[in-house]
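Here's the structure we're looking at; comments come further down.
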Amino acid sequence: MGVPRKEELEAALKEARRMREQSEDPHHLAKALLNFHYRYQLMEKVVDAAKHYMHSGLAPHEHSVLVRAIDAVEKASLTSGQQDEEFGLE
6 MGVPRKEELE AALKEARRMR EQSEDPHHLA KALLNFHYRY QLMEKVVDAA
56 KHYMHSGLAP HEHSVLVRAI DAVEKASLTS GQQDEEFGLE
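Mapping of the sequence shown onto our numbering: residues 6 to 95, in sequence order.
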């Protein structure tokens, strides 16, 4: 599968925002695209933070930046109303 060009992605995101604003998203495609794009941007921050952490000699500050980036991705992955509960059973 090919990666969309920057212009194609921007056009798709613009249309997805329009569809959501006008409630024209019967199959939730616009919602899914906007959500995945948002989460993708957060995951890019995780990769960037991980690279900085690895190249910094595992410095404490870079570690905390990485942990916060991972936490942001995990929180964004929760569906609305879902709580982040861990009981150690997984």
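A virtual CB, placed ideally from N, CA and C, is assigned to each residue, including glycine.
Check, Outcome
"Got a sec, what are the start and stop residues for the alpha helix (DSSP H) residue 33 sits in?", "It is not in any alpha helix (DSSP H) - residue 33 carries neither H nor E in the DSSP assignment."
"Leaving out five residues on either side along the sequence, give the residues of the same chain with a beta carbon under 6 angstroms from the beta carbon of residue 50.", "74"
"Answer with buried or exposed for residue 54, where buried requires no fewer than 16 other C-beta atoms within 10 angstroms of its C-beta.", "buried"
"Using only the alpha-carbon positions, how far apart do residue 67 and residue 78 sit?", "17 angstroms"
"For residue 34, is the beta carbon positioned less than 6 angstroms from some heavy atom of the ligand PLP?", "The ligand PLP is not part of this structure, which contains no ligands at all."
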